[in-house]
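Just below is one structure, and these are the notes that go with it.
Residue numbers (our numbering): 8 to 108.
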């Protein structure tokens, strides 16, 4: 099994624009969550994935564990030694027994 992902690298300007759009959308979402909670309704705080994603993306870039294409922001990133990990996953009984992945 070979895993290969290829996307066109985005420019820093495109990445920053995408970051800004994501932050604006999440701020709007969280404002609606807070309004719902103020009315005594349940807000969807679990949707705040962007903060976690950004921390992971930043960590990967800062510690040199991100692989090409870079930057890794706004995508499922490739990481150093992904090929080794894929070979290890192939050996897992769960993977070998799975009909779909």
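Backbone N, C-alpha and C fix where the C-beta goes; we use that ideal spot for every residue, glycine too.
Everything numeric in this text was worked out from a predicted model, so none of it was measured.
Here the alpha carbon of residue 23 sits roughly 28 Å from the alpha carbon of residue 42.
Comparing alpha-carbon positions, the option among 77, 71, 69, 104 lying closest to residue 19 turns out to be 77. For residue 74, the secondary structure class from DSSP, reduced to helix, strand or coil, is coil. Partner residues in the beta bridge of residue 86, as assigned by DSSP, are 73. For residue 38, the enclosing alpha helix (DSSP H) stretches over residues 19-45. Around the beta-carbon of residue 64, 16 or more other beta-carbon atoms lie within 10 Å, marking it buried.
Three or more Cβ pairs closer than 8 Å define a contact, and the segment 78-94 meets that threshold against the segment 23-41.
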